[in-house]
Every structure is written in C-alpha cells, then in structure tokens.
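FYI, the numbering for the sequence shown is 187 to 352, going by the working numbering.
Take a look at the structure set out below.
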Amino acid sequence: MAITDLLPRRRNQEQTAIQRCNQDPLATLQQEMNRLFDEVFTRPLDMLTFGGQETSFIPSLDVFESDSEVIVTAEVPGRDEKDIQVSVTRNMLTISGEKVTEREEKKGQYHRMERARGSLRREVLLPCDVASDKAEAVFSQGVLKVTLPKPPDLVRKTKRIAVKKA
Numbered sequence: 187m188a189i190t191d192l193l194p195r196r197r198n199q200e201q202t203a204i205q206r207c208n209q210d211p212l213a214t215l216q217q218e219m220n221r222l223f224d225e226v227f228t229r230p231l232d233m234l235t236f237g238g239q240e241t242s243f244i245p246s247l248d249v250f251e252s253d254s255e256v257i258v259t260a261e262v263p264g265r266d267e268k269d270i271q272v273s274v275t276r277n278m279l280t281i282s283g284e285k286v287t288e289r290e291e292k293k294g295q296y297h298r299m300e301r302a303r304g305s306l307r308r309e310v311l312l313p314c315d316v317a318s319d320k321a322e323a324v325f326s327q328g329v330l331k332v333t334l335p336k337p338p339d340l341v342r343k344t345k346r347i348a349v350k351k352a
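Next up, the structure:
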C-alpha cells in the first residue's frame, strides 16, 4: 500500500469516478428531475407569474405581540398606499389590493400598448381579539405596518409574586 492511498483527497476522487461509471444514466436523470421538482415546489411561492406578467402576489408578513398590541408588518413592494386595503374583524386581519398598470408608447409608425394587472391578498389569524376601531395602518417604502391595540380587558398587567422560603 502506497502512502498516497491514505490521503483522503485522492481516495474521494477515485470513489466519485467509480460511482459515476457504475451509475445508470436513467437513474441519474430521475434523481436530477426529483431534485428540480423538490426545489420548485418547496420554495415559497411569493409571486405567481403567467406570461411574464404578475397575476397574484402573496406578501410576506411578520406578526409581533406585546402586552398591549399586535403589530403586523407586510412587504408590498411596487405598490402605492391607494392600491392596498386593510380590514380587521375580531381576530382576522386581511390585506388585499389590486394594481392595474397601462403603458403606451408611440414613436413615428411604432405603437406599443401594454396592460398588466396584479392582485395581492393575505389573511392572517391574529393571536387574540383586537380593538379594530383603534387600529392604524402606515405605509412607507414598500412596507405596510398595521398596529392593532388589544381591548382593555385583554391587556395583561404583570404582577410580581414573592417567593417564600419553605
């Protein structure tokens, strides 16, 4: 046995070469297809497209609960505040909207007109009931922040409990 046989680098290279020679090409193709389908169907479907135009958009959400309120932030890039509707009913928050863009370009005998329509919708079950009449929504730089105060009867007050020696 030569000293070079003990080196892990050389041994790994020889093993992969042997594996490639002995593997069925159809099995390799099937493994690659399975990998592709796993990759496509397991990543989050943030944007569904049809013909290169946006048709539906599911915004990403973060939900944070404190003692007095629930804060929801949603990423809605490329939208204006007039394109977004926010509604809340008891413990269900709905963010929806639609955007229609039309673009027309005329140059000499060249005339191009494009229309694109995109909608967004996301419903989230809130961790508790909220006071919907005091809710606020602020939109800034593609991020929507919805602040939902809890009703006074749900606001928990922290009570310190003394620990006694037994």
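Beta carbons are placed, not taken as given, at the ideal position from N, Cα and C, and that holds for glycine.
Quick caveat: nothing in here was measured; it's all calculated off a predicted structure.
Residue burial classification, residue i (beta-carbon count within 10 angstroms, cutoff 16)
i	result
valine 349	exposed
arginine 303	exposed
alanine 352	exposed
lysine 292	exposed
isoleucine 281	buried
isoleucine 347	exposed
phenylalanine 243	buried
Sub-9 Å separation of residue i and residue j beta-carbons
i	j	result
valine 249	leucine 330	no
glutamate 288	aspartate 269	no
alanine 321	valine 332	yes
glutamate 261	serine 273	no
leucine 334	valine 258	yes
Residues bridged to residue i (per DSSP)
i	result
threonine 333	Ile257, Glu322
valine 316	Looking at the DSSP assignment, valine 316 forms no beta bridge with any residue, so it has no partner.
aspartate 248	Thr259
arginine 289	Glu300
isoleucine 270	Gly283
valine 310	Leu279
Residue i versus residue j: straight-line alpha-carbon distance, rounded
i	j	result
proline 355	glutamate 218	Missing from the structure shown is residue 355; the chain here goes from 187 to 352 and no further.
serine 254	lysine 345	15 Å
asparagine 371	serine 318	Because the chain spans 187 through 352 in this model, residue 371 falls outside it and cannot be assessed.
leucine 215	serine 305	38 Å
proline 337	serine 326	27 Å
Within-9 Å CB hit, residue i to chain B
i	result
valine 256	Note that chain B does not occur in the displayed structure, where there is just one protein chain.
Heavy atom of the ligand ZN within 8 Å of residue i beta-carbon
i	result
alanine 348	Among the components modelled here there is no ligand, and therefore nothing to report on the ligand ZN.
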